[in-house]
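Colleague: Let me begin by handing over the structure; questions about it come next.
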Amino acid sequence: MLEALMTGNVLNLTRRSFLRVSATAASGLLVSLYLDLPSAAAQEGTAPKPKAYPPDAFVQIKPDGKILITVNRLEFGQGVYTSLPMLLADEMDADWSQVIAELAPAADVYKDPLFGIQMVGGSGSIAHSFQQYRELGAKTRAMLVAAAADQWKVAPDQCRTEASVVHGPSRQSAKYGDLAQAAAKQPVPATVQLKDPSQFRLVGKEVRRLDSRPKCDGSIKFGLDLDLPGMKTAVVAHPPVFGGRVKTFDDKAARDIEGIRDVFEIPLAKGTGVAVVADKFWTAKQGRDRLKVEWDLSAVKPADSAQLFAEYKELAHAPGNVAVNRGDEKAMDVIAASNRIVAEYEFPYLAHTPMEPLNTTLRFDGDRAEVWAGSQFQTVDQMAIAEVVGLKPDQVTFHTEMAGGGFGRRAVPDSHVQREAAVIAKRLRGTPVKLVWAREDDVQGGYYRPMHVHRVEIGIGEDGMPKAWRHVIVGQSLVAGTPFAAILIKNGVDETAVEGTADTKYAIPNFHVSAHHPQVNVPVLWWRSVGHTHNGFVMETLVDELATRAKIDPIAYRLKLLSPDAKKLRACLALLEEKSATWRNSVPRNHAVGIACHESFETGVACAVEVSIEDQRPRIHRATIAVDPGVAVNPLAIESQMQGGVGFGITQLMAKGGITLKDGRVVQRNFDGYTPPYIKDVPVAVDVYIVSSAERPSGCGEPPVPVISPAVVNALAKLTGKRYRSLPLASI
Amino acid sequence: METYNIIVNGLAKRVSVDPGTPLLWVLREELKMTGTKYGCGIAACGACTVHLGGVATRSCVVPISLLGSRPIVTIEAMADDPVGRAVQDEWVSLDVVQCGYCQSGQIMSAVALLKSVPKPTDKEIEESMGGNLCRCATYVRIRQAIKSASQRLKT
């Protein structure tokens, strides 16, 4: 539950888990992982009651040899639907061509082993489930081997396994599918020997996605594609200013449309709205367009981007709550003004805009509810729905649907989409209803990467290296008022606002970072790579400026400034130098090269880009990426994430890559006003090189995002002589 | 409500809908063909791309009343189309997809391109694919897959 995350009392899988197996004629061997959480009864000294779990097998070996592997988190592009089964199948020596993945429903056993809730975030899927999935695979294999050894009256260690077959010492062999029933009767080994990396058959190989073909022929079903018998579709008219309330509404024109079933006011996470329920989405949206709603905005404070920037800049002139105070705070005072850089940065609100518009389907039957949602936060959303409909979380069956992107937008602490769906479904009792947030609802609906102002003063030493650094960050806290505040806000500083600066890998002797978190009436949320989106940009553009000023090569300067223990970034820069030196030294006239490196989520990334200016916009010809994610589980997937993450990061540089508010209203409505990168906006080629490593794996979903935008503007600076400190990049 | 006779993937279909209903929602909600995706509703993202009379078209802004007799071809028919199949195979071979939501539209645009320009240049790829948004930014591999499919079809 959330408390585990709030208190930092994370689950320890190795101590508190055990496997249970069962066999049925139809299903063969079912391997389940049970989390033995200390219950109230256990604490009182009585035996814990066996808990009824939903069907929660991690592995299911069918008699026909098909192996179903359950993925304990959402697949929304990052590739866990392939990479997690790879880990399990490798240790199990399963025939990969027989492996079928499936997304887990919400259940205790599928919680993230470290976070203690079922979720995708923090680039933690492989990092946290690497050991878990390998152990599951190894234990399953051990039981299959034990079953075969029993049959053949040989010792298990005389057997070997390959491609779903156990081979005995005298040329015996048995297929996993045939052994499944007998294996289910074997005791689960308490401990198991994991493979030496040299024995991996899948891990470390370029393995193609299991979900490609159905995503190429239109057959895959995303949450939005769900169609249940009797299902209705709902859309909601949201207030024009966050937190506004319905004063009155006239739904006559809406109800005149054939197929409109109901129109009613509903509570929202903040304020109220009007729900329109119809047989079809198109009808519901037409109905909403014809509503006449009068809003009460008297109690809400309208946010305004221009005004907020002015206020933020004012705040940035004084230190905020201290995040880091290293060395001598007064070191700056002895440095001459001519050896100082003062830089002020502006970052806008950013919307995530995953391609699949947000949606949730829900049916409430009085004593239970059933939900279908592409959620990054199953545990949180399940609890929220249960609360709204008046049930316990385990009375809410929660199916995880394939999601069309997310980037953080489906990991929402207040579960506002699910709550809206639950309110509507409760009224429609017995009827399944799909709530859809149209694209306009998404672009205008808040939950943005917060806007920020950074003010940085750098004192430069005789050697051209920074000697004193004062850094003030102003922006809303992502987690204030949520259950995550308890662990992520320390001394009044939201760690997610200063990450990438406060924990910089650069060794700056006198280093002072502080933050202000103003309260603003705009809902905010983590956006792929979170605080690193702006902190990476500030750090990497300033370090580049310092290198230019010192007339030192940007890669050499970074290596000089990095702390000795920044092993991953050092390795990345060295690999980048090796792989990009040739092309970097031969770019055409009017092209320039930009460099950036940044570590986030324990993964180091370094980047070189070749940029020119076309039609007053940056044209990015190529990029070379060097990444150090520890053990590379699936290099093909890592390359995808690097290429895609670079493209996602370019959102920040787009001419229309910002959300602005005027008098409390969001100016942009759709992709015409808020325009993420298209094919011509990203590099033509992105070459990815992975540092060879035996370190435990870290994540790859977010770490490429922070490097690209600073690398591009560092190149632009060479072409124009200007430093770019305000995003989106409006003019060059 | 009006009744319309349309041809989708070679099959005659009859639907009764409001004349203003966009083709996208006729496909998704009347014919239950959900391979064609809703992304923006204003022809700005390309997720809803179909071939209308052989031309790549954003189905979210074409009301059914304006279809006329033009045949409709969707992603569901691509596996049986030689160019469509080649494009899908290269998409799979190069592991193009990530979340996959935009890929029906990407593939429909790519197939239309290769049918009119069998050997497209980078510039022609950018022009034809320029309105198809991919938030996962799979663009690098999309470009490669179009070139590979072009090669495969030539031989």
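These protein sequences, in sequence, are chains A and B. Its first residue numbered 289, the first sequence is counted upward by one per residue in my numbering. Its first residue numbered 10, the second sequence is counted upward by one per residue in my numbering. C-beta: ideal position from N, C-alpha, C; glycine also.
Can you name, in chain order, every residue of its own chain whose Cβ lies under 8 Å from the Cβ of residue 296/A, other than the five neighbours on each side?
Modeller: Its pLDDT being 38, under 50, residue 296/A is placed unreliably by the model, and nothing is read from it.
Colleague: Report yes if the C-beta distance between residue 894/A and residue 971/A is below 8 Å; otherwise report no.
Modeller: No, they are not a contact pair.
Colleague: Whole angstroms are fine: how far does the CA of residue 600/A sit from the CA of residue 947/A?
Modeller: Answer to the nearest angstrom: the Cα atoms are 17 Å apart.
Colleague: Any chance you could list the alpha helix (DSSP H) runs of at least 4 consecutive residues sitting entirely within the region 87-125 of chain B, in chain order?
Modeller: Complete alpha helix (DSSP H) runs here, min 4: 91-102 and 112-125.
Colleague: Identify the residues that DSSP records as bridge partners of residue 907/A: which are they?
Modeller: Note: residue 907/A sits in a beta bridge opposite 900/A.
Colleague: Take residue 709/A and list the residues in its own chain whose beta-carbon comes closer than 6 Å to its own, dropping the five residues that flank it on each side.
Modeller: Hits under 6 Å: 648, 650 and 723.
Colleague: For chain B, check one thing: does any of its Cβ atoms lie closer than 8 Å to the Cβ of residue 305/A?
Modeller: Only weak support is given to the placement of residue 305/A: the predicted model assigns it a pLDDT of 46, under 50, and the value that follows is read from those uncertain coordinates. Judged by the 8 Å Cβ criterion, residue 305/A is not in contact with chain B.
Colleague: Kindly indicate if chain B contains any beta-carbon less than 8 Å away from that of residue 988/A.
Modeller: No - not a single Cβ of chain B is within 8 Å of the one on residue 988/A.
Colleague: Along the chain, where does the beta strand (DSSP E) containing residue 286/A start, and where does it finish?
Modeller: Residue 286/A is absent from the structure shown; chain A starts at 289 and stops at 1020.
Colleague: Do residue 369/A and residue 389/A count as a contact pair if the criterion is CB distance below 8 Å?
Modeller: In this structure, residue 369/A lies closer than 8 Å to residue 389/A by Cβ.
Colleague: Could you tell me the boundaries of the alpha helix (DSSP H) in which residue 634/A lies?
Modeller: Counting along the chain, residue 634/A falls outside any alpha helix (DSSP H), though it belongs to the beta strand (DSSP E) covering 628-635.
Colleague: Report the start-end ranges of each beta strand (DSSP E) in the region 504-562 of chain A that is 3 residues or longer and not cut off at the edges.
Modeller: Counting whole runs of 3 or more residues, the region 504-562 of chain A contains the beta strand (DSSP E) stretches 520-525, 533-538 and 548-555.
Colleague: According to the neighbour-count rule (16 or more other Cβ atoms, all chains shown, within 10 Å of its Cβ), is residue 881/A buried or exposed?
Modeller: Counting Cβ neighbours within 10 Å, residue 881/A comes out buried, since at least 16 surround it.
Colleague: Just the C-alpha distance for residue 1015/A and residue 941/A, rounded to the nearest angstrom, thanks.
Modeller: Residue 1015/A and residue 941/A: Cα-Cα distance of roughly 7 Å.
Colleague: List the residues of chain A that residue 97/B touches, going by C-beta distances under 7 Å, in chain order.
Modeller: Result: 504 and 505.
Colleague: For residue 546/A and chain B, any beta-carbon pair shorter than 8 Å?
Modeller: So, interface residue.
Colleague: Ends of the alpha helix (DSSP H) at residue 160/B?
Modeller: Unbroken alpha helix (DSSP H) run through residue 160/B: 148-163.
Colleague: If you draw a straight line from the C-alpha of residue 68/B to the C-alpha of residue 46/B, how long is it?
Modeller: One C-alpha to the other measures close to 9 Å.
Colleague: Between residue 133/B and chain A, is there a C-beta pair that is closer than 8 Å?
Modeller: By this cut-off, residue 133/B is not an interface position.
Colleague: For chain B, check one thing: does any of its Cβ atoms lie closer than 8 Å to the Cβ of residue 967/A?
Modeller: It does; some Cβ of chain B falls within 8 Å.
Colleague: Identify each residue in the region 43-59 of chain B for which the Cβ-Cβ distance to at least one residue of chain A is less than 8 Å, and report them in chain order.
Modeller: The residues in question are 43, 44, 45, 46, 47, 48, 49, 50, 51, 53, 54 and 56.
Colleague: Cβ closer than 8 Å: which chain B residues qualify as neighbours of residue 964/A?
Modeller: Chain B residues near residue 964/A: 142 and 144.
Colleague: Quick one: is residue 718/A buried, meaning 16 or more other Cβ sit within 10 Å of its Cβ, or exposed?
Modeller: It counts as exposed.
Colleague: Less than 8 Å separating the beta-carbons of residue 103/B and residue 152/B?
Modeller: No. Outside cutoff.
Colleague: I want to verify the contact list: residues of chain B whose CB lies under 7 Å from the CB of residue 691/A, in sequence order.
Modeller: Neighbours of residue 691/A on chain B, chain order: 108.
Colleague: Three or more C-beta pairs closer than 8 Å, one from the region 633-641 of chain A and one from the region 726-744 of chain A: is that the case here?
Modeller: Cβ pair count under 8 Å is three or more, so yes.
Colleague: On the three-state DSSP scale, how would you describe residue 369/A?
Modeller: Looking at residue 369/A - three-state DSSP - the assignment turns out to be helix.
Colleague: Give me the residue from 429/A, 988/A and 703/A with the minimum Cα distance to residue 811/A.
Modeller: With distances taken between Cα atoms, residue 811/A lies closest to 703/A.
Colleague: Enumerate in chain order the residues of its own chain whose CB-to-CB distance from residue 981/A is below 7 Å, with the five nearest sequence positions on each side excluded.
Modeller: 916, 918 and 919.
Colleague: Can you name the residues of chain B whose CB is closer than 8 Å to the CB of residue 932/A?
Modeller: Here the neighbours are 107, 145, 146 and 147.
Colleague: Using the beta-carbon count (16 or more within 10 Å), is residue 890/A buried or exposed?
Modeller: The residue in question, residue 890/A, is buried, as its Cβ has 16 or more Cβ neighbours within 10 Å.
Colleague: List the residues of chain A that residue 38/B touches, going by C-beta distances under 8 Å, in chain order.
Modeller: The answer, in chain order, is 568, 569 and 570.
Colleague: Could you tell me the boundaries of the alpha helix (DSSP H) in which residue 838/A lies?
Modeller: 820-838 is the span of the alpha helix (DSSP H), which, as asked, contains residue 838/A.
Colleague: Report buried or exposed for residue 365/A, applying the criterion of at least 16 other Cβ atoms within 10 angstroms of its Cβ.
Modeller: With 16 or more Cβ atoms within 10 Å of its Cβ, residue 365/A is classed as buried.
Colleague: In angstroms, rounded to a whole number, what distance separates the CA positions of residue 473/A and residue 403/A?
Modeller: When rounded, the distance between both Cα atoms is 33 Å.
Colleague: Do you know whose CA, among 825/A, 961/A, 873/A and 745/A, lies nearest residue 937/A's CA?
Modeller: Ranking 825/A, 961/A, 873/A and 745/A by Cα distance to residue 937/A puts 825/A first.
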